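Engineer: From first to last, the protein sequence lines are chains A and B.
Just so we're on the same page, the working numbering is the position in the first sequence counted from 1, plus 13.
Just so we're on the same page, the working numbering is the position in the second sequence counted from 1, plus 13.
No residue lacks a Cβ here, since even glycine has one placed at the ideal position from N, Cα and C.
Please read these numbers as outputs of a predicted model, since none were measured by experiment.
Before we start, here is the structure in question, set down as structure tokens.
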Amino acid sequence: MEASSSISIEMIHWLAALVVLLPLFGSTIWFWAKKYLGEKWVGVLGTASVAIPFIAVCVLFFELNEPILVNFFSWITIDGKSLVDFSFRLDPLSLMLGLIVTGVGSLIHIYSSGYMHGDEGFGRFFSYLNLFVFSMMMLIWSDSLPAIFLGWEGVGLCSYLLISFWFKEEANASAGKKAFIVNRIGDFGFLIAMFCLYKAFGQLSVQEILAALKSSSLSPEQLELTSWACLGLVLGAAGKSAQIPLFVWLPDAMAGPTPVSALIHAATMVTAGVYLACRLQPLFILNAGSLEILAYIGAATAFFAATVAVFQNDIKKVLAYSTISQLGYMFMAVGLMAPTAAYFHLITHAFFKALLFLGAGSVIHGLHHEQDMTKMGGLRKKMPITFWTMTIGVLAIAGIPPLSGFVSKDAVMSVAKDSDRALIIFFAFATSFLTAFYMGRLWVMTFFGKFRGHHEAHESPAPMTFVLIVLAGLSVVGGLINWPHFLGGGEWLGHYFSKVVTENVSTSEHGLGILIFKVGMAVVALGLAFWKYRNFEGKDFKSSAFEIFRKKYYVDEIYDFVFVRNLRRLGEFQWKIVDQGIIDGLLNGSARWAQNVGERLRRLQTGQTQTYLLLMWLGLIVLLVGTWKGR
Amino acid sequence: MSFSIAHILFICFGLFVLGASGFLIRKNAISMLICLELMLNAVNISLVAFGRMHGNESGHALYFLVITVAACETAIALAIILNLFRLRRSIRLDDATVLKG
């Protein structure tokens, strides 16, 4: 495989190592170095430690023609055989996502240096962000499941640290905890999957497991284990990618700084579940049932999250539910055996959702940390750059041609339409309409009408607007990487991925009618939103029938009632009855007994030398009599 | 008239019991010290008697050892009693019960 690449194998090693080591190195420095370097240099160098890896990934991306395994060293050796290698698998899937993570990551680092300006945790923030990039690269590049798990946990940790970044407020800290704990449930599924795969194949390397799947006929026992592994992976992916039933953490995760929401909770980390499902696709194909589960989970999540998003007033909450909804689209596409469509949507979503989040961040920054959309409005004139870039983002996600969101969403919707599953088709199309509507609502409520806030709004500083413009550009042209045949494109991404994923070949024709219907739906939804909210005065849908959406289907309340309270009750039982009652009781009881005995024996110590002596002699006499008798 | 070993051991026993009971009964530290010497010397006499019985000098050698140790011990004991008197203005051991539990 070396023959096909034009750079030497050592060079590949060095570049791949650089990509993970530089952010890791950076993460150990910035939190203490801000004092000595100052904000400006921490911002520049912190960005460089992600931008240089981005260049390295670009080189690898353009120079590698074949998938390659870069082996560094053996991590865990059992019986003289290396079980876990520290190795990277560089193939189209991982390189593409690597580009997104480091590329969008670099942009968000630049943005952060403007957004976090003057924050006392500036250095700490860059440390965490660098650590996140390191973990994410480990997650997507590692070949061995434990190494992937290392990255998987690493991004979870960074997510926790960054959600509760402003930890002095109770709400932020508990949002971080919630994200961490809900993710643990998903990690449990991942671990189970890992155990099952090890039991079935005796390997932990993804490449070798997939090779074993392809080459040999599997015994029934192995098949059963793979199906359990698939279920575990579905749970793990649902946890990380915020799908039903584990999506509850993502809306709360908006407590973190906005660049974090853009990088971790929209563009990269939450797509890890989709990535994993693509990476282990042969395993899922073997278990068609788990693919069905993925598809239905995805479609249901997409729809329900979209219905909730329509009724949120917090600008970041709208975007959070929108992210959950779009991730549902990706899951649905993966479940319907269309990983290219899922990946394509993942990439364009990374661009336009990062753009939307950063635009929202710019608005929040401009309004001095006001997030309530009912207190915004009329910002079109005051923040022109933010307005125009956000407009592109909104149009992209709504699916207006020729923006990137249009083509990628169209690919996903075609997949749904081909599936001939009525429920999924309904969910997919209804979600598309709702998406356009709530994004229109967000756009109109923020930028049109009268200003309803208190603070004087101002445009954001140059680093932030620069990033917005770059991302807006990417959101426009991002669709070109997989421009569909029926619009005269080459579907480059599909060809690029054809070696590593299996595609369910589309059968239906892309008629002009359906295209017009989709675009028309988006335009109508946007128009409806504009018509309803252009003169927004604090009035929204008043009917109590919508209360269920406003309360997010009471999912948090149900979980609280079913799980949280019972767990707390169990905890209190363990604490008060088992620990304080039984365990402490035993310990304290034996201590008290020893004390009582000691209290009695104490009297023997009179302090009178002669008493001691008398007792000694009595003892001596007893001994003497004893030996005499015994003779 | 010759003494048998039994006679001498009886005398030793008598002396030892005298010393031991004195050590238990007397409260004055000096008296207790004297009783202690009495016990030691009872043992010394028996040692010399045993040495003669076996016809060798090991008993005599042990006697010298004991008397030396006893001298050292007495010196230390007297020093302790002196300090006790300085502290308490009394050498009654009833008063020295700091180690009472």
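1. Is A255 (chain A) closer than 8 Å to E283 (chain A) when the C-beta atoms are compared?
2. Could you compute how far the alpha carbon of T387 (chain A) sits from the alpha carbon of L58 (chain A)?
3. Do V273 (chain A) and L175 (chain A) have their CB atoms nearer than 8 Å?
4. In chain order, what are the residue ranges of uninterrupted alpha helix (DSSP H) at least 4 long that sit wholly in the stretch 232-283 of chain A?
5. Measure from the C-beta of G632 (chain A) to each C-beta in chain B and report whether the shortest distance is under 8 Å.
6. Would you check if there are 3 or more beta carbon pairs closer than 8 Å linking the stretch 300-316 of chain A to the stretch 133-147 of chain A?
7. Of all the CB atoms in chain A, is at least one closer than 8 Å to the CB of D108 (chain B)?
8. Measuring alpha carbon to alpha carbon, tell me which residue in A:V347, A:N78, A:A435, A:W505 is nearest N517 (chain A).
9. Answer yes if the stretch 198-208 of chain A comes into contact with the stretch 262-281 of chain A, meaning at least three C-beta pairs across the two stretches below 8 Å, and no otherwise.
10. For A279 (chain A) versus F419 (chain A), is the C-beta spacing smaller than 8 Å?
11. Which of helix, strand or coil does DSSP assign to L82 (chain A)?
12. When DSSP labels each residue in this structure, what does W27 (chain A) get in the three-state scheme?
13. Please state the DSSP three-state secondary structure of S155 (chain A).
14. Within a Cβ cutoff of 8 Å, which residues of the same chain sit near M150 (chain A), ignoring the five residues on either side of it in sequence?
15. What number of angstroms, rounded off, separates the C-alpha of K94 (chain A) from the C-alpha of L142 (chain A)?
16. Could you tell me which whole alpha helix (DSSP H) segments of length 4 or greater appear in the stretch 119-194 of chain A?
17. Does C85 (chain B) pass the burial test, meaning 16 or more other C-beta atoms within 10 Å, or should it be called exposed?
18. Name the DSSP bridge partner or partners of T41 (chain A)?
19. What does the alpha-carbon distance come out to for the pair A443 (chain A) and I413 (chain A)?
20. Taking the beta carbon of V111 (chain B) as the centre, do at least 16 other beta carbons fall within 10 Å, making it buried, or is it exposed?
21. Rounded to the nearest angstrom, what separates Y546 (chain A) and F464 (chain A) at their Cα positions?
22. Alpha carbon to alpha carbon, how far is Y625 (chain A) from I38 (chain B)? Give it in angstroms, no decimals.
23. So the alpha helix (DSSP H) R105 (chain B) belongs to, where does it begin and stop?
24. For L37 (chain B), which residues in chain A fall below 7 Å Cβ to Cβ?
25. Please compile the residues from chain A whose C-beta is within a distance smaller than 8 Å of the C-beta of A33 (chain B).
26. By DSSP, does F99 (chain A) sit in helix, in strand, or in coil?
27. With a threshold of 16 other CB atoms inside 10 Å of the CB of D592 (chain A), please say whether the residue is buried or exposed.
28. Rounded to a whole number of angstroms, what is the C-alpha to C-alpha distance between S421 (chain A) and A354 (chain A)?
29. For L637 (chain A), does the count of other Cβ atoms within 10 angstroms reach 16, so buried, or fall short, so exposed?
30. R646 (chain A): buried (16+ other C-beta within 10 angstroms of its C-beta) or exposed?
31. From the DSSP output, read off the bridge partner residues of N41 (chain B).
32. Report the CB separation of Q220 (chain A) from R102 (chain A) in whole angstroms; it is logged as a contact under 8 Å.
33. Do Q621 (chain A) and D108 (chain B) have their CB atoms nearer than 8 Å?
Structural biologist: Reading it off the structure:
1. The sequence given here places Val at residue 283 (chain A); Glu does not occur at that position. For V283 (chain A) and A255 (chain A), yes; Cβs fall inside 8 Å.
2. 39 Å
3. Yes, these two residues count as a Cβ contact at 8 Å.
4. For the stretch 232-283 of chain A, whole alpha helix (DSSP H) runs of length 4 or above, ordered along the chain, are 233-253, 262-265, 271-275.
5. no
6. no
7. So, not an interface residue.
8. A:V347
9. The stretch 262-281 of chain A makes no contact with the stretch 198-208 of chain A, as fewer than three CB pairs between them are under 8 Å.
10. Contact check for A279 (chain A) against F419 (chain A) fails: the beta carbons are separated by 8 Å or more.
11. strand
12. helix
13. Looking at S155 (chain A) - three-state DSSP - the assignment turns out to be strand.
14. V32, V33, P36, P66, G111, V114, T115, G164
15. 36 Å
16. 135-154, 158-176
17. exposed
18. DSSP output for T41 (chain A) lists no bridge partner at all.
19. 16 Å
20. exposed
21. 13 Å
22. 13 Å
23. Segment: none, R105 (chain B) is in no alpha helix (DSSP H) and carries neither H nor E.
24. Q623, L626, L627
25. W630
26. strand
27. exposed
28. About 7 Å.
29. exposed
30. For residue 646 (chain A) there is no data in the structure shown, the boundaries of chain A being 14 and 644.
31. Its beta-bridge partners are B:R105.
32. 6 Å
33. no
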